[in-house]
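I have placed the structure first, in the form of structure tokens, so that the comments after it can refer back to it.
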Amino acid sequence: RSLSAAKLKVIESGGQFAEHCKSHENKFRELSSKFTRLKEEAQELHRDVTMRRCLTRRGRVEEIVRECAALEEEFRLYTDEIEDQRVRFDYSWDEMIQRVYAEQEVFTSQVNDVVCLRDENKRLMIIAQQLEPYIRSITALMERISPKLQAPAQTQAMTDSQVDIADNVNMNTVLGQILDQISKCNKDDQQQQQQLQQQQQQLQQQQQQQQQR
Numbered sequence: 001r002s003l004s005a006a007k008l009k010v011i012e013s014g015g016q017f018a019e020h021c022k023s024h025e026n027k028f029r030e031l032s033s034k035f036t037r038l039k040e041e042a043q044e045l046h047r048d049v050t051m052r053r054c055l056t057r058r059g060r061v062e063e064i065v066r067e068c069a070a071l072e073e074e075f076r077l078y079t080d081e082i083e084d085q086r087v088r089f090d091y092s093w094d095e096m097i098q099r100v101y102a103e104q105e106v107f108t109s110q111v112n113d114v115v116c117l118r119d120e121n122k123r124l125m126i127i128a129q130q131l132e133p134y135i136r137s138i139t140a141l142m143e144r145i146s147p148k149l150q151a152p153a154q155t156q157a158m159t160d161s162q163v164d165i166a167d168n169v170n171m172n173t174v175l176g177q178i179l180d181q182i183s184k185c186n187k188d189d190q191q192q193q194q195q196l197q198q199q200q201q202q203l204q205q206q207q208q209q210q211q212q213r
């Protein structure tokens, strides 16, 4: 059943091989019909001799032998024809196989690209989650530092624009640190953890210095 379904699918698909299949079906049906007829006649002659014990025409036996020889010649010619077609189809099949291999290779590469990008995104998410508490600490520290940067009005007056510039500089520094961490998302996780620990130590030192002031 599976072979019949596959054959039907091939014939319906069209193309040179489908045309060959249609031609082969007709030729094979013709050869099978001739063989079946000769087989039935030979069986009938065999029954006449062995079971019925009756005489049969010797000429008919010779006719069956000649027809079998003629059918054998048809088989030989058609076999040669099929073998000639095999060479052509082998070349076509090799091309299709190479195309299938190429498609499989490209598809596998696409899957690997998605997997790699997904892994990088996971590492980036982990880094962002690890940076989150430090960002909160930096923000809180900047909120405490900003008022102390403003000197008394008699000695050093800072305009609102100067305060904004200072805040922007500080925030740019913070953002720069974040971007530096994100850009290194492809590095080893242990190295990333060490860098984060160093930043934490620096923040703690800054907090201690501010408390001493």
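In the working numbering, the protein residues as written are 1 to 213.
The beta carbon of each residue, even a glycine, is placed where N, CA and C say it ideally should be.
Do the CB positions of L117 and Y78 come within less than 9 Å of each other? no
Alpha carbon to alpha carbon, how far is L275 from E120? Residue 275 lies beyond the residue range present for the chain, which begins at 1 and ends at 213; the question has no answer from this structure.
Secondary structure of G14, DSSP reduced to three states: coil
I'd like the list of long-range same chain contacts for Q154, defined as Cβ closer than 6 Å, with 5 residues on each side in sequence excluded. With a pLDDT of only 40 at Q154, under the threshold of 50, the placement of this residue in the model should not be trusted; the figure read from the coordinates follows. Within the same chain, Q154 has no close Cβ partners at all.
Quick check: what's the CA-CA separation for R136 versus D113? 34 Å
Meets three-Cβ-pair contact criterion under 8 Å: the segment 31-41 and the segment 57-70: yes
Under a Cβ-count criterion, where at least 16 other Cβ atoms within 10 Å of its own Cβ denotes burial, should I138 be classed as buried or exposed? buried
Is it buried or exposed for I127, if we count other Cβ within 10 angstroms and need 16 for buried? buried
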